[in-house]
Amino acid sequence: MEYVSTRGGSRAVDFEGALFSGYAPDGGLFMPRSIPLLDEATLRSWSRLSYPELVKKLCSLFIAPELVPRSTLNDLIDRAFSRFRHKDVVHMSRLKDGLNVLELWHGVTYAFKDLSLSCTGQFLQYFLEKKQKHITILVGTSGDTGSSAIESVRGQQNMDIFVLLPKGLCTQIQELQMTTVIEDNVHVFAAHGNSDQIDEVIKELFADVDFSRKYNLMSLNSVNWSRIMVQIAHHFYAYFQCAPSLDTTPLPVVEIVVPTGGGGNITAGCIAQKMGLPIQLVAVVNSNDIIHRAVQHGDFSASEHVKATLAPAMDIQEPCNVERILWLLSGCDSHLVKTLMEQFTASKSLKLPEDLHRKLSETLRSSSASNEDIVRAMRRCWEENQCLLCPHTAVAAHYHYSQLDSCASSTPRCCLASASAAKFQDAVLQAGLVPQLPPEITALTAMETRSTALQRGEDWAQVLRERVAAVVRCWEARRGGSVTPGLQGGAGQVVTQG
C-alpha cells in the first residue's frame, strides 16, 4: 500500500512515511493510492466482528505486513484499547424513536479522539523503538485533541509532546486533562490568545524547514493519515449495529450522522463508502457552517470570524480534511485539488466546480444547528431517554429529530457521539439539566497542575524553539547520541486545527 499526496507534488511513501509526516512536503495530505473494495460476502462475514476486531481488519488493509507483522499489529491495537472503560471499547445506545447513538468516548479523556490517537501512539512507538529515533510532536488544540494526544504518548521514551492550548477558551475539564499530566515527555503551554493565534505559531515552526528536520517535528492532528484510518472502523461498526438484515441483495443502507469540525470523521466515512459500505453520510455542523454551505451550494468559503458556540470542537472555518474528500470525489485529480486548495489558501474563498459540487452533494447530506437547536436536542434527549448528550453529539441528534418531525425517511440512522457530556458542564446547565461527573473527572480539580504561560507580547515561536531544543538536548544526553533528522517526510508541513 502506497500513499500519495492529494496535490501530486511529493513522492509516494509507505505507511511509516505517512505516519511520521502529517502534511505531505507539497502541502497536500497523504491518501492511499488505491482504496480496497470489499464485496458483500466480506461485509457479511465482518458483521459479527467486535469493534477492536474491525479496527484490526481495516488497519491490515492499509499497513503492509512487511512493515508491521499481523500478530504485532493486533497486539499494538489490543494495547491501545486496554485503557478503555467499556468492555466493548465503544457502545451503542438505542434510544426512543430510532435514535441510535454510537458512544465513541469511553477512552481515558472521554472523547472519540482517544480511539484513533491511542492506536497512533502505539504505531509511533513501534517504529521508534525499532530505529532508536526521537520525535517532537507539536499540537495546537481547542480542547479534546490535546488531551487525547497527551494520553496516547505520555511516558514514552522516544517522543516529546508540546501542546498549546488557548487559556480560558477550553472548558475547565479539558484544560485540567492536559495540565494535570505530570510526565517528563509532556510539555503544556497555556497561551493567552485564541486558537487562530496558536495555529499561526505552529505554522511558523513547521514552515521552518531546518528546524522541523533537525528536531523531527510531526503532527498528531487529524491531518495524520493514521487517525483517519482507525476512524473508518466507526462507520463499519455503526453500520453493522444498525442494519436491519444483511440477508438481502443489495445490502440495506444505513444513514450515519457525523458531527463535523476538521472533517476527519466524515472523511473516514467517505473512504468507507468507497470500500463498498452502503452508508448515506450526513455532515452536521454548528453555526460555523462552511461544510454545510459547500454541500448545499458549492460555497467553500470561510466566514470573516469563527463563531464561539456551545460545541467548541466544531468552531472551525478551515476544515483541512475536506481536501481529502475533494481528491476522492474528483477521481484523484491532484492537479485540480492543488489549484482549488491554493485558491482557498490565498483568498479563503472558493466556489467548487459544478461537477465536483454535484458529486459532493450526492455523497454527503448536511445540516447545521444553532446554539438554541443544540440546547433543545440535549433537553429532548434527556426528557425522553434520561440520556445526557454532549453539545457536539446534540448537533447530530438535532438532525435526527428534524427528520422525525418531517417524516423524511425510514432509513435506519446512527448518530456518532464524539464526547461525554461530563466535559461540557456549561452546555448541560444551559439546557436546564444537571451535570453528571464521573469520579475521574471530579478528581482532576484536586490534582497538581503544570503548564507554561505564553503571555501576550511574547515571541511564542522563539519560546517554543528554545524549549524544544533544550528538551531534545536532554534526550540526547540520556541516550549518549543525537537525534537523526529526516525521520518524517513532511518538513514544511503545517497544522491548522485541533
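Here the sequence shown is numbered in the numbering used here, starting from 810 and rising by one per residue.
The beta carbon of each residue, even a glycine, is placed where N, CA and C say it ideally should be.
Small disclaimer: the values here were computed from a predicted structure and weren't measured.
Span of the alpha helix (DSSP H), counted from its first residue to its last, around residue i
i	result
ASP1164	1163-1172
SER854	849-855
ASN883	879-889
ARG1189	1180-1194
ILE1075	1073-1083
VAL1018	1018-1023
VAL1243	Element bounds for VAL1243: n/a, residue is neither H nor E.
LEU1137	1131-1138
ARG894	From DSSP, ARG894 is part of no alpha helix (DSSP H); its letter is neither H nor E.
LEU876	Careful: LEU876 lies outside any alpha helix (DSSP H) and carries neither H nor E.
ALA1286	1269-1288
Where residue i falls: helix, strand or coil (DSSP)
i	result
ILE991	coil
ASN967	coil
SER819	coil
MET1150	helix
LEU858	coil
GLY949	strand
THR1057	coil
PRO1200	helix
THR1261	strand
ILE1041	helix
GLY826	helix
TYR832	strand
LYS1157	coil
ALA920	strand
MET1027	strand
ILE1125	coil
PRO1248	helix
GLY955	helix
LYS1116	coil
LEU985	helix
SER1219	coil
Rounded separation between residue i and residue j - CA only
i	j	result
GLU960	GLU992	10 Å
ARG903	VAL1091	19 Å
HIS1166	LYS976	38 Å
ALA889	ARG1287	27 Å
THR1251	LEU1138	45 Å
THR881	ALA920	26 Å
GLY964	ALA873	28 Å
SER1229	VAL1184	15 Å
ASN1074	LYS922	10 Å
THR1069	SER1054	28 Å
GLN1105	PHE1233	30 Å
THR929	LEU885	9 Å
SER1176	PHE971	35 Å
PRO1059	HIS1044	18 Å
ILE1099	PHE1049	30 Å
GLY1307	GLY949	Low confidence applies to GLY1307: its pLDDT is 41, below 50, so where it sits in the model is not reliable, and the reading given next is rough at best. Roughly 6 Å between the two C-alpha positions.
GLY1299	ASP823	The pLDDT assigned to GLY1299 is 38, lower than 50, so where the model puts this residue is not dependable; a value taken from the coordinates is nonetheless given after this. Going by the C-alpha atoms only, they are around 13 Å apart.
LEU863	PRO1162	36 Å
ASP1108	PHE1153	11 Å
LEU1263	MET1027	21 Å
MET1150	ASN1130	11 Å
THR1305	GLN1239	With a pLDDT of 34 at THR1305, under the threshold of 50, the predicted position of this residue should be treated as unreliable, though the coordinate-derived value follows. Roughly 30 Å between the two C-alpha positions.
VAL1281	PHE936	18 Å
VAL997	GLY907	42 Å
Any non-hydrogen atom of the ligand FMN within 7 Å of residue i CB
i	result
MET1038	Judged by which ligands are present, the structure shown has none, so any question about the ligand FMN falls away.
Span of the beta strand (DSSP E) around residue i
i	result
ILE1065	1063-1068
MET1366	Because the chain is modelled from 810 through 1307, residue 1366 falls outside the range shown and cannot be assessed.
LEU1225	1222-1226
Supposed contact pair residue j and residue i - C-beta distance, whole angstroms, cut 8 Å
i	j	result
VAL1146	ARG816	6 Å
GLY952	ALA1122	6 Å
SER1312	GLY1078	Only positions 810 to 1307 of the chain appear in this structure, which leaves residue 1312 out of reach.
VAL1067	LEU1225	5 Å
LEU911	CYS1216	Not confirmed; about 24 Å, so no contact.
GLN1089	ARG1189	About 23 Å; that fails the 8 Å criterion.
MET1038	PRO845	Incorrect: roughly 12 Å between the Cβ atoms, too far for contact.
LEU1309	ASN1003	For the chain, the structure presents residues 810 to 1307; residue 1309 sits outside this window and is missing.
LEU926	SER957	5 Å
THR1220	GLU1064	5 Å
Bridge-paired residues (DSSP) for residue i
i	result
VAL1032	Partner(s): none; VAL1032 has no beta bridge.
GLN1089	GLU1064
VAL813	MET840
HIS900	GLU912
PRO975	ALA1000
ILE1108	Note on identity: in this sequence residue 1108 is Asp, with Ile being the wrong assignment. Per DSSP, LYS1160.
VAL1332	As displayed, the chain neither begins before 810 nor continues past 1307, which places residue 1332 out of reach and without an answer.
ILE944	MET968
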